[in-house]
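Its first residue numbered 44, the sequence shown is counted upward by one per residue in the working numbering. Data first, discussion second: the structure below is written as structure tokens.
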Amino acid sequence: MALLDEGETDWKVIVVDVHDPLASKLNDIEDVERHLPGLIRATNEWFRIYKIPDGKPENAFAFSGEAKNKKYATEIIHECHEAWRRLITGETPAKTPNYELSIANITVKNSPGYVDKSNEIYTSIPPDSRKPPAPIDPSISKWFHISSASV
């Protein structure tokens, strides 16, 4: 699904856990509708309205909210990966008058942003400092109901 979130395309890729009991039957988006009728519509509705309780407007979708099939989704994933590859290898500039992106990485050797683990960029990252979970604010359990008549 192509969610248009605050002016940017925010792709939502619908996947199935291989361990799900229905996994062998869910090979493409049409199968989801066949075996789990209404799930795609409910998912679309959730993404459309989930920001309303925060006082934000509902989200819009490209393609009238249609969930595209596996072939289309795979093409988008490859397209996004290729854009990332061009950025990380320097084919696409990381800095322009409009933006500056950090392409520092420790995995793509010979890329313009490659740094080894002795580099200050890497060593300046604070060490892992895991803490126990914070208490859960009771407001997290507050339910919101949005009438479809008003949306």
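The beta-carbon is built from N, C-alpha and C at its ideal position, and this holds for glycine as well.
- The residue from Gly98, Ile168, Val59 and Glu118 with its alpha-carbon nearest to that of Ile83 is Val59.
- Within the model, the alpha-carbon separation for Ala137 versus Glu49 is close to 23 Å.
- The C-alpha of Val61 lies about 45 Å from the C-alpha of Pro140.
- Secondary structure remark: continuous alpha helix (DSSP H) runs of at least 4 residues inside the segment 63-90, in chain order: 72-78.
- Leaving aside the five residues that flank Ile72 on each side, the residues in its chain whose CB is nearer than 6 Å to its CB run, in chain order, Ala110 and Asn112.
- In this structure, the CA atom of Pro80 is about 15 Å from the CA atom of Ala66.
- The way I'd put it, the segment 126-137 does touch the segment 153-172; three or more beta-carbon pairs between them come closer than 8 Å.
- For Glu49, the three-state secondary structure derived from DSSP is coil.
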